[in-house]
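Mapping of the sequence shown onto the UniProt record's numbering: position 124 corresponds to residue 124, and the numbering continues sequentially without gaps.
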Amino acid sequence: MRRFGKRVHKSPHEEVVVDVSEKDGIRSLHLGSEAIQSSMRVRDPYELVLGYSRCMFSFLLFREPPRNMLMVGLGGGSIAKFAYKHLPETRIVVVELLPQIVSVARSMFFLPPDDERLQVIVGDGADHIENMVNPVDVIMLDAYGATGIAEPLSTEDFFGRCRDHLTAEGVLMVNLWGSDSRFNAYVDRLSRAFDGLVLCLPARQRGNVTALCFKRGCNSPTWSALTEKALELEQRYPLEFAEFASDLSRMNVHNDRRLLI
1 MRRFGKRVHK SPHEEVVVDV SEKDGIRSLH LGSEAIQSSM RVRDPYELVL
51 GYSRCMFSFL LFREPPRNML MVGLGGGSIA KFAYKHLPET RIVVVELLPQ
101 IVSVARSMFF LPPDDERLQV IVGDGADHIE NMVNPVDVIM LDAYGATGIA
151 EPLSTEDFFG RCRDHLTAEG VLMVNLWGSD SRFNAYVDRL SRAFDGLVLC
201 LPARQRGNVT ALCFKRGCNS PTWSALTEKA LELEQRYPLE FAEFASDLSR
251 MNVHNDRRLL I
């Protein structure tokens with residue numbers, strides 16, 4: 001893979017190398033390998049290029065746009081930027097462990113500066129959630145690194161703390177990798193923490209699976225209701241909600257009429 005310029009940064013304490021590449025107008029972030037962590041179309045910085053990042057907004061099929069959202073893991077900032085542009089009533093807090101990633105997201109991926117709607121905090125995501133005072137409507141966990149999800153962000157206890165810090169209608173969104181040997185263990189932990197109220201949405205881009213974890217059930221919506229909602233959402237957001245609704249039948253309990261959740 002051709003590098004974009006030179007190596008951006010090497011952390012002296014974590015030994016994490018942050019690299020940026022560019023090909024055919026797509027700029028991508030890498031952490032210590034050629035695996036892509038985040039991508040941006042240079043001519044349209046707010047577009048969600050990667051399929052999994054679009055799936056992270058599939059919760060809108062089931063819930064209203066959130067008043068507040070917490071993200072753990074920044075990457076190139078694609079998800080944060082999309083929320084900032086398309087969810088104008090949402091306050092977004094992002095917690096990122098590595099300061100060099102924040103620097104690269106702002107200097108090379110056009111992440112906006114902090115303001116009254118966006119705050120980026122350098123810190124530990126697990127600690128931040130542990131110490132939260134006010135619940136949030138959505139937590140997005142997008143914390144895959146070069147070696148997978150950090151252990152403190154993937155335990156059943158941590159997922160339970162996420163549930164405890166959600167509002168009554170809150171949702172935890174988790175980016176998973178379907179070929180990860182720990183995939184089934186992660187889903188089992190999420191299911192136990194959320195009393196079985198978990199859906200898995202495979203991204204059209206091969207490999208990624210988004211877990212939607214609900215604090216409260218969704219009254220088992222009919223497929224026709226989900227399709228109607230998807231078409232409504234596609235008038236408001238540049239995302240393929242009809243495909244999301246259809247793809248939910250691939251990995252979740254359902255019958256001909258309803259998605260059972």
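All residues carry an ideal CB built from backbone N, CA and C; glycine is no exception.
Expected contact under 8 Å - CB spacing of residue i and residue j to nearest Å
i	j	result
L190	F159	5 Å
G51	Q235	G51 to Q235, Cβ: 21 Å. No contact.
T90	P112	Wrong, their Cβ atoms sit about 14 Å apart, outside the cutoff.
Sequence-distant residues of the same chain with beta carbon closer than 6 Å to residue i, five excluded per side
i	result
H9	Bear in mind that a pLDDT of 38 at H9, under 50, signals an unreliable position, so the model cannot answer this.
S58	L201 and F244
R67	D137
V94	M71, L74, A80 and V120
K85	Y46
R3	Here R3 scores only 40 on pLDDT, less than 50, and its place in the model should not be relied on; the value that follows carries that caveat. Around R3: S21.
S107	none
Buried versus exposed, by CB contacts within 10 Å (16 or more), residue i
i	result
R257	exposed
S53	buried
S181	exposed
L248	buried
V49	buried
L231	exposed
Near the ligand GTP: residue i beta-carbon under 6 Å from a heavy atom
i	result
L61	By its list of ligands, the structure shown contains no ligand whatsoever, and the ligand GTP lies outside what it can speak to.
7 Å CB neighbourhood of residue i in its chain, flanking five on each side removed
i	result
V253	L260
V102	L74, E96, V120 and V122
residue 291	Absent from the model: residue 291. The displayed extent of the chain is 1 to 261, so no value can be given.
A150	A143
N134	none
T222	R257 and R258
S220	R258, L259, L260 and I261
When the options are compared against residue i, the one with the closest alpha-carbon
i	options	result
P45	S33, R27, L31 and L61	R27
P238	A83, L226, G77 and L31	A83
R117	A193, E151, M69 and C162	M69
N255	M108, E22 and S224	S224
V16	R250, Y144, C218 and N184	Y144
R43	G25, Q37 and L31	G25
R161	M132, I149, R91 and A150	M132
L212	L233, R163, E240 and A242	R163
D114	F62, M108, G178 and I92	I92
R250	P221, A203, T222 and L231	A203
R63	P135, D188 and L233	L233
F110	K23, M40 and E240	M40
T227	L60, P135 and N134	L60
Beta-carbon spacing of residue i, residue j below 7 Å
i	j	result
I139	L172	yes
L176	Y186	yes
A105	G76	yes
L215	L166	In the sequence under discussion, the amino acid at residue 215 is Lys, which differs from the Leu named in the question. Taking 7 Å as the Cβ cut-off, K215 and L166 qualify as a contacting pair.
E156	A193	yes
L87	A126	no
S38	L29	yes
is_contact[residue i, chain B] using C-beta, thresh 7 Å
i	result
L48	Protein chain content of the structure displayed is limited to a single chain, and chain B is not contained in it.
Contacts around residue i, its chain only, beta-carbon distance under 8 Å, and the 5 residues preceding and following it disregarded
i	result
M56	I79, M140, D142, M173, N175 and T210
G217	L197 and I261
F241	S58, L60, L61, K229, A230, L231, L233 and E234
D124	V95, L97 and P152
F183	L176, W177 and V209
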